[in-house]
Amino acid sequence: MNRKKTALSVAAAGTATGVVGLVLIASPAGANEPPPALPGISAEALVESVLSKDHIPALSGAVEFQQNIGLPIPGLPASSAEGDAIAHVYANGDGAGRISIDQGQSERTVVHNNGTTWVWNSANRSVTKYANTDSDTEDKGTPEQLADPAGTAREVVGLMQRDSTLTVDGTARVAGRPVYQLVLTPKPTERTLLREIRVSVDSETRLPLRLDVLANGQADPAVRVGFTEFKPGPQDPALFTFTPPAGAKVTDGKDAKTHGFDEKNVESLLGGLDFKTVGEGWDTVLTGKFPAQLLSQGLPTGNGRGGETPGALIKQFAKEVTGPFGTGYAISTHVGTALITTDGRIAVGAVPQQVLVDALGQK
Amino acid sequence: MTAESEPGTVAVGAATVPPAARTRGLRKVYRGTVAVDHVDLEVPAGAVMGMLGPNGSGKTTTIRMLLGLVTPTSGEVELLGHKMPDGAAHALPGVGALVEGPGFSPFLSGRDNLLRVAAAEPLLTSAEIPNAVGEALERVGLAHAAGRRFRAYSLGMKQRLGLASALLVPRRFVVLDEPTNGLDPAGTREVRSVIADLHAAGTTVLVSSHLLSEVEATCTHVAVLNQGLVVAQGELSALLEAGTANLLVTTPEVTLAVDALREDRVAARPVPEGVLVDLTATTAPDVVASLVRAGVPVHEVRRQRTGLEDLFARLTEDTAVADLADLETLLPEDAR
Amino acid sequence: MTAMTVGAEVGAPVRRAPLLRLFRSELRMILRRPRNIIGIGLLGLVPVVAGIGISIAASGSSSSDGDSVDGLAALVDGNGMLLPIFALVLALNMLLPLTGAMLAADALAGESAHGTLRGLLLAPVGRGRLLAVKAMGVATVVLLSIVLMAVTGLVTGLLLLGGDGMLSSSGTQLPFVDGLGRIGLTIVLLTVQIWALAAVALAVSAYTEHPLIVIVCSLGLLIVSGVLSAIPALDWLDPVLIISSWESIGEVVRDPLDWAPLGEGVLRAVCYMVIGISIAYGRMLSRDG
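Protein chains in written order, with this note's numbering: chain W, 1 to 363; chain V, 1 to 336; chain P, 1 to 289.
The structure is reproduced here in structure tokens:
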């Protein structure tokens, strides 16, 4: 028996085992499995079956959010590493739900039950209570909504049906579940930066499990919201009740001063912008006006630590442009462009810059 | 020779006792440097073998291979009848060793250090440990300093503690690498008496030392290493006998004397003190007769007492070629 | 001849020092080392200091927003059961890995430098058993340090910050027993992670005589992992990096618990342990003593 050889083979075998283990951990389950065989379905039938689901069944899951649009977006949760959940969602199938959002060092929990919504923020240990409101409309546009891919995907599918080609592009697995891949491709006449929107629909519950937005010239999705874990089934009822912990500040959602982000203010601000849409479909452009001095005025930002003027903020990632509209700043990302002129006009859309310029010119 | 090479025959009752340790064709190469080569060492059972050699001659490497600490590049090692290093678990309990200086934790007391060694000692039951440690400390004269940290020990005390750990239990074979290193004369005497006691109790001892007088005083056998080779090995008395086979002739007529002796086919060479004559093939009276016949004036004729030191110096001198020739004539048949 | 020799070796019973005795002796040595005593003592003080700091910061500005302390720390005020978890997660950044690396460095490289490893090999303690004893010693003392931190943290937290049960970061109030469970879970998860690092350190330790090299390599591994995980282009590497598991340990304060990342972290740690121990074992068998 040669001790050196034994030693070498033990070391090699052990190291190989460990490395294989690490690789197995690294590779998502089912990555190498062939796509599941599912009965064929037409795009229309699939969309219909999705739209017919008017409520979310009982489930628990973990949600990931990834973005690679080429810009840091203030207020959005930071892009998570592949497969890392940023939120956990629970639904009891009866309208009650719970979402826990991981914000790095702190956590936000939203519990909705019987018309009451509790929002817990561990960073300042505050509880906000929204009584007798429909949380779906209340939460519109907040990060919490991103964690509800079912709702998001449903809206997008419904909206885009007219100007898009809708196909079922085979099957795949999302969160270990067999899904149909519903693909919305803009019609060739659409002047958009987007290549396609891909919705993965669970074959069993017909819930959209993942939404991928793919931009032109990019292999990886620019935006991905989806489940990394998904388990339908009854949930512990205790999840859907919320008792404010001792010592927490509880405020009524009606006096909205509690959130770091002043929602009332933002709403009034948005109202003042006088938004209009120009065009329709994928190349819809949103134009609006705003008081030009806003560029140099402080605005409360998402985490309540305002101070930088929006103008200075914009200059960080916008490039100065001139055109028939005068001068302004263009912010371009993989999925959309925004144009802000110095005389207080704004245009935003999932389109190249020229479309925005045209839209401003239509005024 | 046949009986000796088969350890199995001993159990059957053959008269020959197997050697405590034996190496055959031992070779160790460290990163391209040959540390030892062709080492055929044999430590007879019951012997006290002194291992001599200048620094870097391969003494410690040989000992480490003997004890299974180092795997030889090639060659075989047998320790107490077990092949090393694979038979370490069988052979080593019977072996006490102090190699490359005493290795102890500086932050533990002498007693705690020995307790730790004792905990690893297969031949001691847990109940026997405190006594064995106490006795070992007593034996090397460290009982008074047992509670002191090893860090605070003098070099001599450290060496004694190393000796104590080697002698924690009765051994069949004790290997001591430079045991008197750092000891004062009294300590040296103690080590000598420890070796004598071990010898008297029938324990085989292998001592490496640069203090030749130590080896001469305590050893029954000697092995001399130089540049990784065993250049001489055998019973001390035989080697010393070989070393005395010289005659120093003091004469003003050196050339005449050398010529005269060479004419009579007697090996002789000029040295600063006169003429050195090799007595292997002749006797002192014959040499004197030859010189007188040739009319060489002789002031003094002295049989040279080389002692081990001279032997060692001759064997390990770096002016190799001439001395190797000397060596051929110097060594007795059985030691070559 | 060879056959006879081999036969003799197989037949004769081998006497060995009992493993438990070796282990006790190893523990006694680690815990008698002044540097280790001081180090473990300081670790035990970390939660106490953190608790005092949080209670001062909180009382100084309780009238204002409560934003004076960030993240997990904000949640610890008045929520004493969270203090041990907070302190342990804090110590995971540097102190605990350092402790694990130091112990592993002492275990083989340090012993080799003192010449005591040779003594153990000559006793003889088989090389495999020696590694087992060393690994068990390191593992036990790591566990001990973490438990000590948890205990001082819990006592400090309950005395200084108070609180009824444990307030999770999800805003739910966990009863005292559940809180203890969360602390226990944190201990287990952290211990496993530090074991993984210590196993890798032990492998390095088997290759050198210089304890400092082991510490530098281990902390270097962490720093390099941190840098790699911060580079977005190398995101695909993340699941393999040892520190990826460490970031998810904060999950223990959530309610309900998400076991998936925690379990994955443990599996990853086990992989690192297998790699570290097998390399160390291979080296122990082949190294020259």
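Beta carbons: idealized from backbone N, C-alpha and C, even for Gly.
Buried or exposed (CB count within 10 angstroms, at least 16 for buried), residue i
i, result
"M94 of chain P", "exposed"
"A91 of chain W", "buried"
"P211 of chain P", "buried"
"A12 of chain W", "exposed"
"Q362 of chain W", "exposed"
"H55 of chain W", "exposed"
"A289 of chain V", "exposed"
"T180 of chain V", "buried"
"P297 of chain V", "exposed"
Reduced DSSP secondary structure (H/G/I, E/B, other) of residue i
i, result
"N131 of chain V", "helix"
"Q227 of chain V", "coil"
"G126 of chain P", "coil"
"A233 of chain P", "helix"
"S60 of chain W", "strand"
"S64 of chain P", "Note that S64 of chain P scores 44 on pLDDT, short of 50, meaning its location in the model is unreliable; the coordinates nonetheless yield the value given after this. Three-state result, S64 of chain P: coil."
"D112 of chain V", "helix"
"V355 of chain W", "helix"
"F150 of chain V", "helix"
"P186 of chain W", "strand"
"I69 of chain W", "coil"
"F227 of chain W", "strand"
"Q233 of chain V", "strand"
"Y207 of chain P", "coil"
"D102 of chain W", "strand"
"K53 of chain W", "coil"
"Q193 of chain P", "helix"
"M273 of chain P", "helix"
"E26 of chain P", "helix"
"N216 of chain W", "coil"
"S203 of chain W", "coil"
"N113 of chain W", "strand"
"N55 of chain V", "coil"
"G157 of chain P", "helix"
Under 8 Å by beta carbon: chain V residues contacting residue i
i, result
"R118 of chain P", "L69, V99, E100 and G103"
"M102 of chain P", "Near M102 of chain P there are no residues of chain V at all, since even the closest Cβ is about 14 Å away, more than 8 Å."
Expected contact under 8 Å - CB spacing of residue i and residue j to nearest Å
i, j, result
"S205 of chain P", "I40 of chain P", "Wrong, their Cβ atoms sit about 19 Å apart, outside the cutoff."
"V48 of chain P", "T152 of chain P", "6 Å"
"P186 of chain W", "D163 of chain W", "7 Å"
"A175 of chain W", "L207 of chain W", "The pair is not a contact, with the Cβ atoms about 11 Å apart (cut-off 8 Å)."
"L114 of chain V", "G156 of chain V", "Not a contact, Cβ separation roughly 17 Å."
"F86 of chain P", "A73 of chain P", "6 Å"
"V201 of chain P", "S218 of chain P", "Per the sequence shown, residue 201 of chain P should be read as Ala rather than Val. Correct: roughly 4 Å between the Cβ atoms."
"I37 of chain P", "L45 of chain P", "With 8 Å as the limit, I37 of chain P and L45 of chain P do not qualify as a contact, their Cβ atoms being about 13 Å apart."
"R248 of chain V", "L211 of chain V", "The question names Arg, yet the displayed sequence has Leu at residue 248 of chain V. Actually they do not touch by this definition, with Cβ atoms about 26 Å apart."
"G110 of chain V", "F150 of chain V", "6 Å"
7 Å Cβ cut-off: residues of chain P touching residue i
i, result
"H88 of chain W", "D258"
Partner residues on chain W for residue i, Cβ-Cβ distance less than 7 Å
i, result
"V240 of chain P", "L22 and A26"
Partner residues on chain W for residue i, Cβ-Cβ distance less than 8 Å
i, result
"D164 of chain P", "A246"
"I279 of chain P", "A11, G14 and T15"
Beta-carbon neighbours of residue i, restricted to chain V and to distances below 7 Å
i, result
"A17 of chain P", "A119, A120, E121 and P122"
9 Å Cβ cut-off: residues of chain W touching residue i
i, result
"L88 of chain P", "None at all; the shortest Cβ gap to chain W is about 16 Å."
heavy atom of the ligand NAD below 7 Å from residue i C-beta
i, result
"P245 of chain W", "Inclusion of the ligand NAD in the displayed structure is not the case, the ligand content being empty and no account of it being possible."
Chain P contact residues for residue i, given Cβ-Cβ distances below 9 Å
i, result
"F242 of chain W", "G171 and T172"
Original post:
Would you call the region 111-131 of chain P and the region 49-59 of chain P in contact, with 3 or more CB pairs under 8 Å?
Top reply: No, they do not touch.
Original post:
Just checking, does the region 45-61 of chain V make contact with the region 198-206 of chain V on the three C-beta pairs under 8 Å criterion?
Top reply: Enough Cβ pairs lie closer than 8 Å, so yes.
**OP:** Check whether the region 184-199 of chain P touches the region 267-283 of chain P, counting contact only when three or more Cβ pairs, one atom from each stretch, lie closer than 8 Å.
**Re:** The region 184-199 of chain P, when compared against the region 267-283 of chain P, does touch it at the 8 Å Cβ threshold.
Subject >> Cβ contact (3+ pairs, closer than 8 Å) linking the region 171-185 of chain V and the region 207-227 of chain V >> reply: Taking one beta carbon from each stretch, the region 171-185 of chain V and the region 207-227 of chain V have 3 or more pairs nearer than 8 Å; the two touch.
Original post:
Counting Cβ pairs closer than 8 Å, one from the region 103-121 of chain V and one from the region 137-145 of chain V, do we hit at least three?
Top reply: In short, these stretches touch, since the Cβ pair count reaches three.
Subject >> the region 165-179 of chain P contacting the region 121-137 of chain P, beta-carbon criterion three pairs below 8 Å >> reply: Here the region 165-179 of chain P does not lie against the region 121-137 of chain P, with fewer than 3 beta-carbon pairs under 8 Å apart.
**OP:** Specify whether the region 50-60 of chain V and the region 220-229 of chain V touch according to this definition: at least 3 beta carbon pairs, one from each stretch, less than 8 Å apart.
**Re:** Yes, the region 50-60 of chain V touches the region 220-229 of chain V.
Original post:
With contact counted as at least three CB pairs below 8 Å, one residue from each stretch, are the region 85-97 of chain V and the region 12-19 of chain P in contact?
Top reply: Segments in contact, yes.
Subject >> At least three beta-carbon pairs within less than 8 Å, the region 4-19 of chain W to the region 275-285 of chain P >> reply: By the criterion of at least three beta-carbon pairs nearer than 8 Å, the region 4-19 of chain W is in contact with the region 275-285 of chain P.
Original post:
So, do the region 246-253 of chain P and the region 134-149 of chain P have three or more beta carbon pairs nearer to each other than 8 Å?
Top reply: No: the two stretches stay apart, fewer than three of their Cβ pairs being nearer than 8 Å.
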